[in-house]
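Undergrad: Residue numbers (this note's numbering): 78 to 367. Where is the CB? At the ideal position from N, CA and C, for every residue including glycine. Bear in mind the structure is a predicted one, so any value in this text is a computation, not a measurement. There's a structure below that I have some questions on.
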């Protein structure tokens, strides 16, 4: 309401077109563009084989971990992507958050777990990030409920009109910048990007919508590994992006840098400060995959 929120601050100097867009297109899902692109993973798989020789057998680094690492670096190097629209204004998010889902077990009918974590690509190493993710997953897979799980269960126990009214009241407070931090922090929809690994269940991937609730401005879906036209292994990434936060060229340069790091995984060992010094702040915009 006053240029501040618990999770961000208003951006004061914007081009008139950027300022008017939330009013012309007030909903996220009428403001998205979609991009699918293939990423070669031969070098990444060789990198994982070597790194995991030095890792505990029960905590290997996976290709999905590399994707999370690279996306967190992208959000640090291209901070315009880490923005969100709320209450008709464009906000700069405080912190880099990724939300991702995982099955409790890789079996049909197993419940889905949703994990939200703050990433620190400027300071944490790849191994520290991986260990922290396992530390978050372990209690969730053991059945320990998160704050968000408990809140959701409490809401759905109420009569439908009460659930609807409470959610609408929270949405109103959020649009005014008055939703308290203790409600924002555990909520997986208040995040920089949501990431899903459909490759883990042998699916080719696909585009996902954005939620109107929360502040998630982008979604990335990772598909399964399969041979490319040259015979070398690749995976397809599917991006859904709210164009109101930044223009498509800015975002596509960030996505290009993401692909560059995945195809040259030694770059994932560097901090974002080092990457910026070495001129790896972005990459060539990827060609869209038909």
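Closest to residue 339 by CA distance: which of 122, 250, 82 and 160 is it?
TA: Of the candidates 122, 250, 82 and 160, the one whose C-alpha sits nearest the C-alpha of residue 339 is 122.
Undergrad: For residue 87, write down the residues that DSSP places opposite it in a beta bridge.
TA: The partner list for residue 87 (beta bridge, DSSP) reads 168.
Undergrad: For residue 272, which three-state DSSP category applies?
TA: The answer is strand: DSSP assigns residue 272 an E or B state.
Undergrad: Return the Cβ separation of residue 108 and residue 175 in integer angstroms, given the expectation that the two are a contact with Cβ distance under 8 Å.
TA: That belief does not hold up - the Cβ atoms of residue 108 and residue 175 are roughly 21 Å apart, past 8 Å.
Undergrad: Could you tell me if residue 332 is buried or exposed, where buried requires 16 or more neighbouring beta carbons within 10 angstroms of its beta carbon?
TA: It counts as buried.
Undergrad: Let me check one thing: in DSSP terms, what residues is residue 297 bridge-paired to?
TA: Answer is 272 and 316, bridged to residue 297.
Undergrad: Taking one C-beta from the stretch 125–134 and one from the stretch 316–336 each time, how about it: are there three or more such pairs within less than 8 Å?
TA: No, because fewer than three Cβ pairs between the stretch 125–134 and the stretch 316–336 fall closer than 8 Å, the two stretches do not touch.
Undergrad: If I follow the unbroken alpha helix (DSSP H) through residue 330, where does it start and stop?
TA: That run of the alpha helix (DSSP H) goes 325–340.
Undergrad: Would you kindly check if the distance between the Cβ of residue 198 and the Cβ of residue 349 is under 7 Å?
TA: The answer is yes: Cβ separation under 7 Å.
Undergrad: Can you have a look at residue 135 and say buried or exposed, based on whether 16 or more other CB atoms are within 10 angstroms of its CB?
TA: Classification for residue 135: exposed.
Undergrad: Please confirm if the stretch 82–94 is in contact with the stretch 242–260, defined as three or more CB-CB distances below 8 Å between the two stretches.
TA: Yes, the stretch 82–94 is in contact with the stretch 242–260.
Undergrad: Classify residue 98 as buried or exposed, calling it buried when 16 or more other Cβ atoms lie within 10 Å of its own Cβ.
TA: Classification of residue 98: buried, given that the 10 Å Cβ count is 16 or more.
Undergrad: Which whole-angstrom value is the C-beta distance of residue 312 and residue 118, which I expect to be below 8 Å?
TA: Yes, residue 312 and residue 118 are in contact; Cβ-Cβ is about 6 Å, under 8 Å.
Undergrad: Bridge partners of residue 115, per DSSP?
TA: According to DSSP, which records beta bridges pairwise, residue 115 is partnered with 313.
Undergrad: Give the range of the alpha helix (DSSP H) segment to which residue 354 is assigned.
TA: Here the alpha helix (DSSP H) through residue 354 covers 349–354.
Undergrad: Which whole-angstrom value describes the C-beta separation of residue 157 and residue 272, a residue pair presumed to lie in contact below a C-beta threshold of 8 Å?
TA: 19 Å between Cβ atoms; not a contact.
Undergrad: To the nearest angstrom, report how far apart residue 125 and residue 164 are at their CA atoms.
TA: So the alpha carbons of these two residues sit roughly 43 Å apart.
Undergrad: Looking only at its own chain, which residues have a Cβ that is under 6 Å from the Cβ of residue 179, when we skip the five neighbours before and after it?
TA: Excluding positions up to five away in sequence, the list reads 190.
Undergrad: Okay, do the stretch 229–238 and the stretch 209–219 touch, 3+ Cβ pairs below 8 Å being the bar?
TA: Contact between the stretch 229–238 and the stretch 209–219 is absent, because fewer than three Cβ pairs lie under 8 Å.
Undergrad: Enumerate, from N- to C-terminal direction, the unbroken alpha helix (DSSP H) stretches of 4 or more residues contained entirely within the stretch 184–231.
TA: With a minimum length of 4 residues, the continuous alpha helix (DSSP H) runs that stay inside the stretch 184–231 are 203–218.
Undergrad: I'd like the span of the beta strand (DSSP E) that includes residue 160, first residue to last.
TA: Start and end: 160–163.
Undergrad: Under the DSSP definition of a beta bridge, which residues are partnered with residue 322?
TA: Answer by DSSP bridge pairing: none, since residue 322 is not bridged.
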